[in-house]
Amino acid sequence: MRQALGARRALLATLTFAALGVGASRSEAAPAEPYTSAKACASCHKTIYTYWSESAHAQSVSKTSYRDALEAAVAGTADKETVRRGCVWCHAPTTLATGDYELRQPVTKEAITCDFCHTVSDVDLGKADHPFQLKPGKVKLGPLQYVKSPSHDTQYSPLHKASPLLCAACHEHRNAQGVPVLSTYSEWKDSPYPARGMLCQECHMPLVPGETVPEGLGSTQRSINLHRMVGGSGYSQIQRGLDLRIESLTRSSVSADVQVVVTNTRVGHAAPGGLSTKAIVLAVGVETDAGQLLHRRERVYRRDLLDADGRALATVPDLFLRAASVGEDTRLKPKESRAERFTVPIPEGSKAIVVRLEYRDSSDPKAGPKTTLVTEERRELRAR
Ligand code: HEC
Ligand code: HEC
Ligand code: HEC
Ligand code: HEC
Ligand code: HEC
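When you number the sequence shown by the numbering used here, it's gap-free, plus one each residue, and the end is 390.
This is how it looks when you write it as structure tokens:
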């Protein structure tokens, strides 16, 4: 009896320590709260923390567009618990160990947090429940060899340094009907990039100047992998990835014939990547002296997912839950060039032919489609 009580007290003590985020063996002792907050990592990995805070990963649970979509998804189904879990595990993956699917714990709200990624020891995309092998605890896995930390153990991990699978675990997904709702990884796999050794990390986590830890604390690493992980929401990233060229422009007195070539030069997968709520729009029009764009014509590059009746789906919950087949896919494949031809009327007082490449994100129905100008080419129309 006495012995049992002692053991219980010891367990309680470890649990308390775990809650405070101290103690070396918290994970083994306290499976209910095995993850440490990013704020604790920030005390040493300050620069990486700052970049990560600005990432979509850090915000993927807290932003209202996600909460709205989650509620909409859950509201529309009979099996609310299953749907909720299905929506939460990628956006707040610590829940796989904590079970906090109601998103109450502070660490859950940190979404795709440091301690989640750095304690995944393996990924198996064929695993039934979820693809991760989780090892929350004192060993932090990463790309560095022979480094020491006063606060945790370290281990070199080929999964982090030399494999796309950590990313693929969440960026490749088939829904219950077997439709590839997210296929970024398989698009990358079918591209020329794997043969060149260009992983997701190469483009989304390039090395930038910075310290892993303040001087004197660890080795003398002078560069860090950029943890901001910018994608379509980052203007410069899309701009680097796509090329726009006016191939030719022939005009008559009343109209212009414009040939344009768009190339996916440096996107490692189809462009736009990700969900079918994203589109790249090529627009051509004529600019008036007053600066107005008239006679706008568009080509839209996107992939449609269809419901069981063959209708294109538009909202994020529908894409995940109701997509029954893949419809038209006009996205630009890696390295693909697309030649497009437009005929644009030239009214009196026209100044220039303008060609624009835009990125359109319709993921948030409340905000409506958000359009960002990627790049613009123009040809002045001189008086004839
Ligand atoms: C008391 C300071 C301190 C804290 C707190 C800390 N670390 Fe570290 N960490 C270090 C040091 C020092 C290194 C070695 C860095 C070097 O030598 O360049 C390191 C290395 C790492 C590595 C690289 C491991 C490898 O082999 O590639 C990872 C990953 C890591 N830490 C993750 C974390 C995470 C996640 C947290 C929060 C749960 C955290 N650290 C908290 C000091 C700390
Ligand atoms: C645990 C799941 C998970 C893992 C692991 C993961 N991601 Fe993500 N990622 C997400 C989710 C969820 C979003 C969407 C966040 C949002 O917009 O709310 C996202 C968004 C992104 C974006 C888009 C950001 C933007 O600006 O639009 C990029 C790029 C990205 N991830 C790259 C990566 C890379 C590279 C890796 C591997 C090193 C990775 N992700 C690993 C879940 C994950
Ligand atoms: C989406 C998964 C993911 C998240 C979230 C994440 N990391 Fe990383 N981290 C990686 C990967 C992958 C690498 C290795 C990249 C490479 O070598 O190309 C890495 C590298 C590191 C390194 C080694 C130094 C370096 O920059 O290469 C440290 C230290 C580190 N991360 C700490 C952190 C901390 C602290 C946080 C939170 C503030 C964090 N990471 C969040 C995936 C992640
Ligand atoms: C050769 C460089 C390159 C490689 C390799 C690469 N990407 Fe990208 N990725 C980009 C560029 C450029 C963009 C911005 C253009 C866009 O949004 O389509 C992007 C966009 C994204 C987005 C945001 C999609 C959107 O439009 O919101 C996600 C998510 C993403 N990448 C994940 C990944 C994952 C996961 C891998 C590995 C399987 C990967 N990327 C490999 C260059 C790359
Ligand atoms: C397999 C992992 C995974 C699952 C499961 C998942 N998501 Fe996501 N989700 C992502 C990734 C990755 C992105 C970013 C894709 C991109 O860049 O287009 C994303 C993006 C989103 C976005 C858009 C964020 C923004 O503002 O750009 C919303 C909203 C969202 N998911 C809600 C949900 C809902 C609701 C469910 C359940 C029906 C769900 N997700 C299930 C991985 C997942």
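Every residue, glycine too, gets a C-beta built ideally from N, C-alpha and C.
Under three-state DSSP, which class holds residue i?
i    : result
G291 : strand
H158 : coil
P198 : coil
V113 : helix
Y365 : strand
A71  : The identity of residue 71 in the sequence shown is Ser, whereas the question assumes Ala. If DSSP states are grouped into helix, strand and coil, S71 belongs with the helices.
V94  : helix
Q245 : helix
P371 : coil
K167 : helix
H179 : strand
S5   : In the structure displayed, the chain extends from 7 to 390; residue 5 sits before or after that span and is not available.
V89  : helix
T83  : coil
E193 : helix
Q227 : coil
L387 : coil
Q139 : strand
K357 : strand
A304 : Residue identity differs from the one stated: residue 304 is Glu in this sequence, not Ala. In this structure, E304 counts as strand in the three-state DSSP scheme.
E217 : coil
E77  : helix
A285 : strand
L338 : strand
A174 : helix
S254 : strand
A35  : Bear in mind that the predicted position of A35 carries a pLDDT of just 38, short of 50, making it too unreliable to give a figure here.
K376 : strand
L188 : strand
In the DSSP assignment, find the unbroken alpha helix (DSSP H) run with residue i in it and report its ends.
i    : result
V322 : 322 to 328
K146 : Looking at the DSSP string, K146 is not in any alpha helix (DSSP H); the run it does join, the beta strand (DSSP E), is 145 to 148.
Q298 : Careful: Q298 lies outside any alpha helix (DSSP H) and carries neither H nor E.
D121 : 120 to 123
L102 : 101 to 104
K45  : 44 to 48
E208 : 206 to 210
Quick check on the DSSP output: the beta strand (DSSP E) that includes residue i runs from which residue to which?
i    : result
E467 : Past the edges of the chain, shown from 7 to 390, lies residue 467, and the structure says nothing about it.
Y55  : Unbroken run through Y55 is the alpha helix (DSSP H), 52 to 59; no beta strand (DSSP E).
E334 : 331 to 335
A262 : 261 to 270
S127 : 126 to 129
L312 : 309 to 312
Quick one: residues in its chain with C-beta nearer than 7 Å to the C-beta of residue i, no 5 flanking neighbours on either side, listed in chain order?
i    : result
S282 : R308, R309, D310, L311, L325
I252 : V264, V266, V361, E383, R385
A98  : V67, L109, T114, A117
Q245 : V380, T381
I352 : R257, V260, S261, A262, V292, L387
E193 : H275, A276
To which residues of the same chain is residue i closer than 6 Å at the C-beta, ignoring the five residues directly before and after it?
i    : result
T271 : D249
H210 : M235
E342 : N270
S33  : Annotation note: pLDDT 38 at S33 (below 50); position unreliable, no value reported.
L76  : C93
S225 : V153
Which residue's Cα is closest to the Cα of residue i: the options?
i    : options                : result
D335 : W58, P278, K52         : P278
P200 : S331, N231, V273       : V273
I54  : T119, Q161, C173       : T119
R234 : C50, Y41, E60          : E60
P156 : P149, G148, K144       : K144
A182 : P137, V89, T101, R228  : V89
H124 : L150, G132, E193, D85  : L150
S169 : P375, S197, K146, Q207 : Q207
T190 : H275, V268, L232       : H275
E217 : V185, L338, Y57, G333  : Y57
T104 : H136, Q65, E39         : E39
R337 : V350, L288, R303       : L288
L171 : R91, S356, P137        : P137
T349 : Q161, R305, E87        : R305
H301 : V268, S229, L327, E354 : E354
T378 : Y241, A330, R180, A329 : Y241
S356 : L299, S254, R347       : L299
A84  : K376, L327, P340, Q111 : L327
Enumerate in chain order the residues of its own chain whose CB-to-CB distance from residue i is below 8 Å, with the five nearest sequence positions on each side excluded.
i    : result
Q139 : V126, S127, D128, V129, D130
A78  : T321, P323
K284 : G238, P278, R308, Y365, R366, D367, S368, S369
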